[in-house]
Structures are given as C-alpha cells and as structure tokens.
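Novice: Protein chains in written order, with full-length UniProt numbering: chain A, 1 to 227; chain B, 1 to 181.
Each residue gets a CB set at the ideal place from its N, CA and C atoms; glycine is no exception.
These figures come from a predicted structure and were not determined experimentally.
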Amino acid sequence: MNYRNPLLQTQLAGQYVVGTLRGPARRRFEGLMAADAALRRTVRETEDQLLPLVRAVPPVDPPARVWRQIARRVRAMREVSPWSWGGLYLWRLLAGGFAVAALALSVVLVQPKPAATLVPAQMALLQDKTQHVALVARVAADGSVRVSPLENLSGTATNKALELWAIPPGGAPKSLGLIAANGATLVKRPQVLAGAEVLAVSLEPPGGSPTGAPTGPVLWVGKLVNV
Amino acid sequence: MAESATLQELLVRCAQSDEKALETLYRLTSPQLFGVALRMLRRKDWAEEVMQECYVRIWQNARNYSAAQSQPLTWMSRIVRNACIDWLRKPQLEIPDADDTIINEWADEAPGPMARLAQFQDSKRIAECLKRLEAIQRQVIAMAFFDDLSHSEIAARLAAPLGTVKSWCRRGLERLKGCLA
Chain A
1 MNYRNPLLQT QLAGQYVVGT LRGPARRRFE GLMAADAALR RTVRETEDQL
51 LPLVRAVPPV DPPARVWRQI ARRVRAMREV SPWSWGGLYL WRLLAGGFAV
101 AALALSVVLV QPKPAATLVP AQMALLQDKT QHVALVARVA ADGSVRVSPL
151 ENLSGTATNK ALELWAIPPG GAPKSLGLIA ANGATLVKRP QVLAGAEVLA
201 VSLEPPGGSP TGAPTGPVLW VGKLVNV
Chain B
1 MAESATLQEL LVRCAQSDEK ALETLYRLTS PQLFGVALRM LRRKDWAEEV
51 MQECYVRIWQ NARNYSAAQS QPLTWMSRIV RNACIDWLRK PQLEIPDADD
101 TIINEWADEA PGPMARLAQF QDSKRIAECL KRLEAIQRQV IAMAFFDDLS
151 HSEIAARLAA PLGTVKSWCR RGLERLKGCL A
C-alpha cells in the first residue's frame, strides 16, 4: 500500500479515529504517524472533526473514589524538595560519612540541581511492523532508560545511526539521543521522557537526525507500560 | 459542561502544576468522559481504572496541549478513547458483549443522540452533518465509535455482508468528512 497517497491517508485517518483500523494495521499506522508530521496533522484534523461525537453519550458521574485515586497519584508525583525528608540531598548527607557529606554539601551548595520528577518504573517492547520484538526499554524510577537490543542490529544500521524518540500522546517525537546497535545504552533524560506514551527508534544519518524530528524510517515502536 | 475557554484555561493552569485546576477540570469533564469509557469498556471497574490513568496522563501532558491545535474536550477525548482501545486490545481479556443501546439509539433518525449533540457548541455541526447520512451509515459509524466493534463484528450483529458494512462505513465517513470540511 502506498501510504503517501493523500486520499488513502485521509481514509485511514478516518478509520483510525473511528476505531475500525485495528490490530497490526493500527500499530503500523501509529508507527507511521510517529514519523510523519503531515500524517499526524491529517489525523488531528480528523479527530477535531469526529471526536465531538462523544457528546452523544449521556454523561455518567464517576464514583468519588476515582477522583481520590487521581489526587493521590498526582500528589505522589509532586517534586520532592531536595532538603525535605524525602529529598535526595538530605539522604545523601545521612548516608555518607562526614567527610563525604561535607564534600557533597559543598558540591550541592555550589551547583543546586532540581530534584528529579518521580517516574514510575515502566517498560516497552519495541516491535517492527511484523510485530517482531527487537529491543527492550526499561525505565527506572528516576526516569533513566536502559535500551537493550535483543539481537545485533548492526546490519540494519550500517553507515546509519539509531535514534531513540519519546512520543507524548498527541505530541511530536522528542529525541532521547542515539543508541548502540549492539549492546545496551543508558539514556538519562528524564525531562524529555516525562509524559511519553510511546518509544520509537528511527534510522538516521550518522550523528542523528539533523532536524530534531525523525527523518528516516521508524523501525521499531513500543508503548510504555507500567510494571 | 463548561465552555472551551474555561477548559483551556484550566489546562494551562494544570501545566503550571495547579492541582486545584485539575480538580475543577475533572469535575467539569469527567461525567462526559466516564460515560464514553463506560460505553466502550462495558465494565464499570475497567472504566474507573482507565479514567484514573487518563486524568494522570492529562495532568502530565497538560503542557503539550495547544489551544491552537484542538479543542480541550477533543484533546481529552482522544486520550480517553485511545486508552480504552488499548485496554480492549489486552490479550486474554474477556470483554462482555455490547448491548443493543447503540443499535437502537442510532437507528432511523437517532433523535436521542442528535438532541444531545445539538445542545453543545462544539458538536452542533457534526449533528447537522450526521443528518445527511443514510441511517445505516450513521449506525455503523456509531457502532464502531462507541462500542468499539470491528467491521466483521458489525456485520455479524447486523446480519449483513462484510463488504457491505465496510462500504457503509467508508462512504458514511467520506460524506461526514466532506460535510464537516
């Protein structure tokens, strides 16, 4: 199928939004969206047109416990002050000896860093369009990501680079940097990752995408799930 | 439900980590979105779980919301619908059968849904355009959208050939989009 055909794109966008685009075809379409700004725009336009349909459903009040749970989770995500009881600096001081503590204190006072946003531990299986899983990404509670290829991907990436992307729902992909084709890569960019729903790897020129958005094909895509 | 401008402002305040704004946003939008999740998932416990997940996501992603791009309720509906679709695609999930509400409500002139759509500024237009579709086209689109049924599930429920259902759906969408454009 030629996904570049605008008529086909419009049709598929309609099916995607209404929900009749399913299974592998839906996942493939999501992968294409991740890589193609024009296609994302078409889908967004279709959503703007069709999603007001939700108003046809009679509203139902959710039970009070739903809000209580949301409020609890939102509170748990609040940034922890570095000096509060949950904060990093205090515990670092308590855990270290006095000499280490004094050193840490001086470093901390000279270079205060914002506390990392707490991210629940997540993982994603990155699949190609045949649903073959080629990489596993694990997100630690501090927002760092370890990406491990399950096979040697050097053949795919000959003279090219593999770039990892974090994609928030309805947003544009943000680069998490380049990853190794053979062997694990640790990525520490929690602020880029925050709020992402999907991870994707695209094939880029050596050195990575020159534009800040994926330019090559998106080879593997995976949804982040809480573990 | 509140106007788009109010919801937009609340989302902006959520982006600035204003938890009170999230609470107000929740009070204003959750009945509509819970109705949708309940319809799609058919189980109250699942719908509650998805709502929690979605409002946390809305909170985390509020800064990615752009009023220039979509209406706030559209943006939030997308998050809820996609979460429901993902939920329903979990392996080994025993999904209860859809009841006949949508088939019945959307048959013929679909007065109930049309009246609800006509009430709101952001859905008035789609109500008018839906009226220009054949009843069966409206019905299959509604079955797909609200009950998350596939073409073949719709064909089975309507006892119609699959190819016919596909073309009702495709032509209905084309006509709808043509009218809305």
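Given a cut-off of 7 Å on the beta-carbon distance, is the pair Leu-11 of chain B and Tyr-65 of chain B in contact?
Specialist: Counted from its first residue, the second sequence places residue 11 of chain B at position 11. Counted from its first residue, the second sequence places residue 65 of chain B at position 65. Yes, they are a contact pair.
Novice: What would DSSP say about Glu-163 of chain A, mapped onto helix, strand or coil?
Specialist: Numbered from 1 along the first sequence, position 163 holds the residue referred to as residue 163 of chain A. Note: Glu-163 of chain A maps to strand in three-state DSSP.
Novice: State yes or no: is the beta carbon of Ala-38 of chain A nearer than 7 Å to at least one beta carbon in chain B?
Specialist: Here residue 38 of chain A corresponds to residue number 38 of the first sequence, with the count starting at 1. Not one chain B Cβ lies under 7 Å of Ala-38 of chain A.
Novice: Could you tell me whether the region 55-63 of chain B touches the region 19-32 of chain B, where touching means 3 or more Cβ pairs closer than 8 Å?
Specialist: Taking 8 Å as the limit for Cβ pairs, the verdict is that the region 19-32 of chain B does touch the region 55-63 of chain B.
Novice: Could you pull the start and end residues of the beta strand (DSSP E) that Pro-24 of chain A belongs to?
Specialist: Reading the first sequence from its first residue, position 24 is the one you call residue 24 of chain A. Taken as a continuous stretch (DSSP letters only), Pro-24 of chain A belongs to no beta strand (DSSP E), being part of the alpha helix (DSSP H) at 23-35.
Novice: Could you name the residues that DSSP lists as bridge partners for Ala-118 of chain B?
Specialist: If you number the second sequence from 1, residue 118 of chain B lands on position 118. Answer is none; Ala-118 of chain B lacks a bridge partner.
Novice: What is the DSSP secondary structure of Gly-177 of chain A, counted as helix, strand or coil?
Specialist: Along the first sequence, read from residue 1 onward, the residue named residue 177 of chain A stands at position 177. Here Gly-177 of chain A sits in strand by DSSP.
Novice: Quick check on the DSSP output: the beta strand (DSSP E) that includes Gly-222 of chain A runs from which residue to which?
Specialist: Counting from 1 along the first sequence, the entry for residue 222 of chain A is found at position 222. Unbroken beta strand (DSSP E) run through Gly-222 of chain A: 218-223.
Novice: If the cut is a Cβ gap below 8 Å, which residues of chain A does Thr-74 of chain B touch?
Specialist: Numbered from 1 along the second sequence, position 74 holds the residue referred to as residue 74 of chain B. Residues of chain A passing the Cβ test: Glu-47, Asp-48, Leu-51 and Pro-52.
Novice: Go ahead and pull the three-state DSSP assignment for Gln-16 of chain B.
Specialist: Walking along the second sequence from the start, residue 16 of chain B turns up at place 16. Looking at Gln-16 of chain B - three-state DSSP - the assignment turns out to be coil, as it is neither helix nor strand.
Novice: Which same chain residues, not among the five before or five after Pro-214 of chain A, have their C-beta less than 8 Å away from its C-beta?
Specialist: Start at 1 with the first residue of the first sequence, and residue 214 of chain A comes out as number 214. Same-chain partners within the cutoff: Ala-34, Ala-35, Glu-163, Trp-165, Pro-173, Ala-200, Ser-202 and Glu-204.
Novice: Identify which residue in A:Ala-141, A:Leu-125, A:Pro-169 and A:Asp-61 has its Cα closest to the Cα of Pro-149 of chain A.
Specialist: Counting from one through the first sequence, the residue named residue 149 of chain A turns up at place 149. Selected option, being the one with the closest Cα: A:Leu-125.
Novice: Can you check DSSP and say which residues form a bridge with Pro-149 of chain A?
Specialist: Numbered from its first residue, the first sequence carries residue 149 of chain A at position 149. Per DSSP, A:Leu-135.
Novice: Flag Gln-69 of chain A as yes if its beta-carbon sits less than 7 Å from any beta-carbon of chain B, otherwise no.
Specialist: Here residue 69 of chain A refers to the residue found at position 69 of the first sequence. Closer than 7 Å: yes.
Novice: Ordered along the chain, which non-local residues of its own chain (more than five positions away) have a Cβ less than 7 Å from that of Trp-106 of chain B?
Specialist: Here residue 106 of chain B refers to the residue found at position 106 of the second sequence. Pro-113, Arg-138, Gln-139 and Ala-142.
Novice: Considering only their Cβ atoms, is the gap separating Pro-96 of chain B from Arg-42 of chain B smaller than 7 Å?
Specialist: Taking the first residue of the second sequence as position 1, residue 42 of chain B is located at position 42. Taking the first residue of the second sequence as position 1, residue 96 of chain B is located at position 96. Against a cut-off of 7 Å, the Cβ pair of Pro-96 of chain B and Arg-42 of chain B comes out as a contact.
Novice: Once you ignore the five residues that flank Leu-25 of chain B on each side, which residues in its own chain have a CB closer than 6 Å to its CB?
Specialist: Counting from 1 along the second sequence, the entry for residue 25 of chain B is found at position 25. Hits under 6 Å: Leu-10.
Novice: Any C-beta of chain A sitting closer than 7 Å to the C-beta of Ser-31 of chain B?
Specialist: Position 31 of the second sequence, counted from the start, is the residue given in the question as residue 31 of chain B. It should be noted that the sequence gives Pro, not Ser, for residue 31 of chain B. Judged by the 7 Å Cβ criterion, Pro-31 of chain B is in contact with chain A.
Novice: Within 10 angstroms of the Cβ of Asp-74 of chain B, are there 16 or more other Cβ atoms? Answer buried if so, exposed if not.
Specialist: Residue 74 of chain B sits at position 74 when you count from the first residue of the second sequence. Residue 74 of chain B is actually Thr in this sequence, not Asp. Counting Cβ neighbours within 10 Å, Thr-74 of chain B comes out buried, since at least 16 surround it.
Novice: Since Leu-133 of chain B contacts Leu-88 of chain B with CB under 8 Å, what's their CB separation in whole angstroms?
Specialist: Working through the second sequence from its first residue, we reach residue 133 of chain B at position 133. Working through the second sequence from its first residue, we reach residue 88 of chain B at position 88. That belief does not hold up - the Cβ atoms of Leu-133 of chain B and Leu-88 of chain B are roughly 26 Å apart, past 8 Å.
Novice: What residues in the region 130-156 of chain B have a beta carbon less than 7 Å from any beta carbon of chain A?
Specialist: The residues in question are Ile-141, Ala-144, Phe-145, Phe-146, Asp-148, Ser-150 and His-151.
Novice: If the cut is a Cβ gap below 7 Å, which residues of chain A does Pro-113 of chain B touch?
Specialist: Locating residue 113 of chain B in the second sequence gives position 113, where the first residue counts as 1. Here the neighbours are Ala-56.
Novice: Exposed or buried, what is Leu-3 of chain B when buried is set at 16 or more other beta-carbons lying within 10 Å of its beta-carbon?
Specialist: The residue you call residue 3 of chain B lines up with position 3 of the second sequence. A small fix is needed here, since residue 3 of chain B is Glu in this sequence, not Leu. Result: exposed.
Novice: Take Leu-94 of chain A and list the residues in its own chain whose beta-carbon comes closer than 7 Å to its own, dropping the five residues that flank it on each side.
Specialist: Residue mapping note: residue 94 of chain A aligns to position 94 of the first sequence, counting from 1. Reliability of the predicted coordinates at Leu-94 of chain A is poor, the pLDDT of 41 falling under 50, and the value obtained from them is presented with this limitation in mind. The answer is none, since no qualifying residue turns up.
Novice: Go through its chain and collect everything with a Cβ distance to Arg-39 of chain B's Cβ below 6 Å, but skip five positions before and after it.
Specialist: Residue 39 of chain B sits at position 39 when you count from the first residue of the second sequence. So the qualifying residues of the chain are Phe-146.
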